[in-house]
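Structure first, then comments.
In our numbering, the protein residues as written are 289 to 1082.
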């Protein structure tokens, strides 16, 4: 019934179908203008993650502004007159940008030990390096030795300083009454504004290229550069894959018509799909940035199988007209291609269980993309072929492929070698998979030649690390008063100070903060640690190296000027919430760093070595969020990989109705997917947000070859009842199509090596390798298993 409907409506009315396809193309092409990208950090978070909510709470409580950071390494000394003037000039030019809230440099740090005046006077009217009459060498030495500012605004060697550029907060008014579309438009406006901001500050930096090395860093800059990478990847890989496909088609068919027809299918599929994404409002993220390249590759694979079969039937039945040959081709190829689409869809739908929105969207994107490609392949391709004369569609008859013939001979004569090699591969896979780890080394996501990498590397090495982590200490409610009267604070008038603030600073709280601070400071992977302990250390130095009593700390807190308190003390304690915050940064580029292990170690040591109860501390920060992302994805993919295997096996059972055949049809592809995971483990490459999806995607795509091979083997075996003869026929017909599509897919993925985004490179290389191994398995292991098990009877 369906077959008759398809023949009568589609195949017999090519002109009407072509007009309908053109209208569809133009309609969806219009909506492709709404096709958008999103590289914000929000796209790499788990929705509903309680750690995300807690981080927002901590940020709100301790105050946080979005910022950019510049590293400034002057050609001359840091505090020479020219370097100070250049730094001041750079600061004022950046400060003049309308989106900048404030700029903090080395020249803005309060100098509290730069004169012999009483401490209270020094606190209330402090000097900085840019002020007149200041001893710059003494002031610079104070900052260099400061527990707060060393490795924060100045490197230990004194050659690199950090410039913090705080960005004005752009708050959305009346947020409760905004629609989803208005919120999306608002986010898009912010992205455009951020791009303009980054462009402006880079223009400013360019003017100072001759005075020293300046690198730009910070989340807004990374987000903007990631957007540029995605745009570049989509254009470069889309065009690269397209050009390679054209070259492959010419190599296979050597006729212009057989380039135009499949390329038309690719063009229609991709443009319709981008229009659909624009219509649905789905944005392409870092994870889904290669979906166009994937669509081109998968559409081309369908078209090569269809075209190859059409040409074989045209050769076998030279007297039949085009319509009959097209009808036979679509009839014979419908079921194998629909099942290849369903198995690949099954693999991509496994991503839906990840719980991470951009990965879920990627799964749905590719599902819709495959359905689109299938519909276009079975409408546009036969329509275009029906317009051609018999002579135009014919190609020169080539001899059998030497490669497929070679694989066929090995399958017949050397089955034991094939099984031995397979056994070794399985063994290596098991060893490699046992070594797999997931990692979130953000700096290693970027090419070493990019500004992102250079800036992050310098911040890592000179300014105390990049990835932030917060330890929140929660104190039980009790009051203790301790006084030490023999110090400079005894003369201070504490009248009018708030008692609840003054008496908050108890001995056990200070010791607890100091113990945790010192523990974290001694961890090799931890860079700069900042807490109230750092402030206490500075105060002790100012107090002639005599420890402060707890009451004096309270007096200090109540008397210190608001300008200093706001920037230096309030970010680390909350008297109101009875908490203290310890802020640290991880040295992201440290060799051998395993972030999940580090998080587990800190949690374990705080509880078991420092004797804190679980209720007394909590970890927060970007490190926790990205670690949660990868750990969640790893667990979900391991589970869904099993579902993919079961789903694909079930589809084989429905297609072939033969348990033995279904089993041997899936095994080669599972081995290929697991071997790639094994190689990744053996090479010590951590799984990340993109490479973790390789196994499921590989199984989904590679199993297509098994379906085409078995379907053809079954068809030919019914004619000649000879396994060896059938194998040779299959290797010289469908085997050639499998070889051609696999080469297209392997090299198509290999183009991803030109990305600036390292996970994309890994995804391309390892998926390409997996597809190559899957192709060899289907042309060697699969036929060998068929010859031994004889699933079609003797």
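Ideal Cβ placement from N, Cα and C applies to all residues, glycine included. Note that the coordinates shown come from a computational prediction; the quantities given were computed from them, not determined experimentally.
Can you tell me the Cα-Cα spacing of residue 515 and residue 482, whole angstroms? 11 angstroms
Does the beta-carbon distance from residue 271 to residue 617 come in below 7 angstroms? Since the first residue shown for the chain is 289 and the last is 1082, residue 271 is missing from the structure and cannot be characterised.
Measuring only the C-alpha atoms, how far is residue 420 from residue 426? If I take the Cα positions, the gap works out to 14 angstroms.
Closest by CA to residue 625, which one among 305, 658 and 902? 658
So, are the CB atoms of residue 629 and residue 662 less than 7 angstroms apart? yes
Taking three-plus beta-carbon pairs below 8 angstroms as touching, is the stretch 1062-1074 in contact with the stretch 1043-1050? no
Taking the beta carbon of residue 389 as the centre, do at least 16 other beta carbons fall within 10 Å, making it buried, or is it exposed? exposed
Status (buried if at least 16 other CB within 10 Å, exposed otherwise) for residue 439: buried
Rounded straight-line distance, which links the Cα of residue 540 to that of residue 550: Spanning the two alpha carbons is a distance of roughly 12 angstroms.
Mapping the DSSP letters down to three states, classify residue 605 as helix, strand or coil. For residue 605, the three-state secondary structure derived from DSSP is coil.
CA-to-CA distance, residue 871 to residue 759, given in whole angstroms: 7 angstroms
Which whole-angstrom value describes the C-beta separation of residue 905 and residue 762, a residue pair presumed to lie in contact below a C-beta threshold of 8 angstroms? 7 angstroms
Could you tell me whether the Cβ atoms of residue 561 and residue 660 are closer together than 7 angstroms? Against a cut-off of 7 angstroms, the Cβ pair of residue 660 and residue 561 comes out as a contact.
Candidates 509, 944 and 1036, of which the one nearest residue 1080 by Cα: Looking from the CA of residue 1080, the closest CA among 509, 944 and 1036 belongs to 944.
Do you know how far the Cα of residue 533 is from the Cα of residue 591? Counting only the Cα atoms, residue 533 lies some 11 angstroms from residue 591.
Helix, strand or coil: how does DSSP classify residue 362 here? strand
Own chain partners of residue 950 with C-beta closer than 7 angstroms, once the 5 adjacent residues on each side are dropped: 937, 940, 941 and 944
Is it the case that the Cβ atoms of residue 953 and residue 1017 are separated by a distance below 7 angstroms? no
Paired residues, beta bridge with residue 862 - DSSP: 867
Between the stretch 645-659 and the stretch 1019-1038, are three or more C-beta pairs nearer than 8 angstroms? no
Could you give the distance in angstroms between the alpha-carbon of residue 835 and the alpha-carbon of residue 401? 17 angstroms
Any 3 or more C-beta pairs closer than 8 angstroms across the stretch 428-442 and the stretch 812-828: yes
Do residue 508 and residue 727 come within 7 angstroms of each other at the CB atom, strictly closer than that value? no
The stretch 718-726 contacting the stretch 958-978, beta-carbon criterion three pairs below 8 angstroms: Between the stretch 718-726 and the stretch 958-978, the count of Cβ pairs shorter than 8 angstroms is three or higher; the stretches touch.
Excluding the 5 residues flanking residue 773 on each side, which residues of the same chain have their C-beta closer than 6 angstroms to its C-beta? Because residue 773 carries a pLDDT of 44, less than 50, the predicted location of this residue cannot be relied on, and no value is offered for it.
Could you give the residue range of the alpha helix (DSSP H) that holds residue 908? Counting along the chain, residue 908 sits inside no alpha helix (DSSP H); it lies in the beta strand (DSSP E) bounded by residues 905-908.
On the three-pair Cβ rule with 8 angstroms, is the stretch 317-328 touching the stretch 569-583? yes
Neighbour-count burial assignment, residue 497, 16 or more Cβ in a 10 Å radius: Under this definition residue 497 is an exposed residue.
Who are the near neighbours of residue 731 in its chain, counting only those whose CB is closer than 6 angstroms to its CB and skipping five residues on each side? 744, 876 and 877
Ignoring anything shorter than 4 residues or poking outside the stretch 1015-1054, list the alpha helix (DSSP H) runs there in chain order. 1022-1038, all fully within the stretch 1015-1054.
Collapsed DSSP secondary structure at residue 1071 in the structure displayed: The answer is helix: DSSP assigns residue 1071 an H, G or I state.
Below 8 angstroms, how does it come out for the stretch 518-532 and the stretch 1027-1036: are there three or more Cβ pairs, yes or no? Yes: the two stretches touch, three or more of their Cβ pairs being nearer than 8 angstroms.
Just how far apart, CA to CA, sit residue 494 and residue 957? 52 angstroms
Go to residue 659, then tell me how far its alpha helix (DSSP H) extends in each direction, as first and last residue. Its alpha helix (DSSP H) spans residues 645-665.
How many Å lie between residue 991 and residue 935 at the Cα? 12 angstroms
If you drop the 5 nearest sequence neighbours on each side, which residues of the same chain put their C-beta closer than 7 angstroms to that of residue 305? 298, 667 and 671
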